[in-house]
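Everything below concerns the one structure shown next.
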Amino acid sequence: MFVTFEGLDFCGKSTQVELLEKYFIDKKKKVIVIREPGGTPISEKIRDILLDKKNSEMADETELLLFSASRSQLVNQTIIKSIENNYIVISDRFHDSSIAYQGYGRGIDLDFVTKLQNFAIGKAVPDMTFFIDIPVEEVVKRMSKVKKIELDRIENSRLDFYHRVRDGYIFMTENNKRFRKIDGMLPKDEVNKIIITEIERFRKAI
Ligand code: TYD
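Using the numbering used here, the first residue of the sequence shown is number 1432, and each one after it goes up by one.
Rendered as structure tokens:
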């Protein structure tokens, strides 16, 4: 089974990925967790370029291509083999992040972004995708706490960007059966329970 987690920054998906991994380990299942961008030596190098604050001149198109290149390597080197060897693969972000962030967020042509993602992931289409939804105001609150920046220093352009990304995720969730939208304002144990229920339902059905 291949499960992906999506959502805005600070939505709590990394915590949910950890809790789900623990659930499967406790059940003695073979499980692999990957993080995007990254997950292979080549992909981690691309991650460093993407997240390096010195690279502020990076064009949106370059950013999209680098995320996609990193993903393609991860699919070919790790994901496909792991699925074939009956591992449960859990990914903290995957191709939907590029559709939401680079497509809806940065405004790159959605058809093109989607086609590029299909090219990059090939057969590795997730079975289930959890969208952990929190309001943009909550992102700002959590961000200002972690980064110790004042709320009013977070520019409008960044807020607009997050609104577009969230709207994109909501649209994708409503138009694709693979998605499950979960309220990220719920306590983390409750979110974890919902996720496990959904996954066990899926596993019983196959
Ligand atoms: P990540 O390390 O997952 O950060 P977080 O744990 O806060 O979600 O992702 C880093 C940033 O990269 C995050 O702001 C989302 C962004 N991103 C994209 O814009 N496109 C992508 O395809 C991916 C995978 C991430």
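Think of the CB as a built atom: it goes at the ideal place given N, C-alpha and C, for glycine as much as any other residue.
{"Item": "Secondary structure at residue 1435, three-state DSSP: helix, strand or coil?", "Value": "strand"}
{"Item": "Taking residue 1508 as the reference, give the member of 1635, 1552, 1597 with the closest Cα.", "Value": "1552"}
{"Item": "Name, in chain order, the residues that DSSP records as bridge partners for residue 1464.", "Value": "1521"}
{"Item": "Can you tell me whether DSSP reads residue 1552 as helix, strand or coil?", "Value": "helix"}
{"Item": "In chain order, what are the residue ranges of uninterrupted alpha helix (DSSP H) at least 4 long that sit wholly in the stretch 1466-1526?", "Value": "1472-1482, 1491-1505, 1511-1515"}
{"Item": "Does the stretch 1532-1549 come into contact with the stretch 1479-1490, if we say contact requires no fewer than three beta-carbon pairs (one atom in each stretch) closer than 8 Å?", "Value": "no"}
{"Item": "Check this for me: beta carbons of residue 1504 and residue 1626, under 8 Å apart or not?", "Value": "no"}
{"Item": "Here's the rule I'm using: 16 or more other beta-carbon atoms within 10 Å means buried, otherwise exposed. How should residue 1456 be labelled?", "Value": "exposed"}
{"Item": "Can you determine whether any heavy atom of the ligand TYD sits closer than 7 Å to the C-beta of residue 1557, and answer yes or no?", "Value": "no"}
{"Item": "Run the CB neighbour count on residue 1479, radius 10 Å, all protein chains shown included, and call it buried at 16 or more, exposed below.", "Value": "exposed"}
{"Item": "Does the contact criterion of 3 or more C-beta pairs under 8 Å hold for the stretch 1561-1575 versus the stretch 1599-1607?", "Value": "yes"}
{"Item": "Does the stretch 1467-1479 come close enough to the stretch 1541-1556 to have 3 or more Cβ pairs within less than 8 Å?", "Value": "no"}
{"Item": "Does any residue of chain C have a CB that is nearer than 8 Å to the CB of residue 1444?", "Value": "The structure shown contains no chain C; it holds only a single protein chain."}
{"Item": "Starting from residue 1455, follow the alpha helix (DSSP H) in both directions and report where the run begins and ends.", "Value": "1444-1457"}
{"Item": "Where does residue 1515 land, buried or exposed, given buried means 16+ other C-beta within 10 angstroms?", "Value": "exposed"}
{"Item": "Starting from the C-beta of residue 1524, find all residues in its chain whose C-beta is less than 6 Å away, skip the five residues before and the five after it, and write them out in chain order.", "Value": "1467"}
{"Item": "For residue 1567, which residues in the same chain have their Cβ closer than 8 Å to its Cβ, ignoring the five residues on either side in sequence?", "Value": "1439, 1590, 1593, 1594, 1597"}
{"Item": "Distance, Cα to Cα, residue 1549 vs residue 1489?", "Value": "23 Å"}
{"Item": "Does the beta-carbon of residue 1532, which I'm using as the reference point, lie nearer than 7 Å to any heavy atom of the ligand TYD?", "Value": "yes"}
{"Item": "On the DSSP bridge list, what partners appear for residue 1613?", "Value": "1563"}
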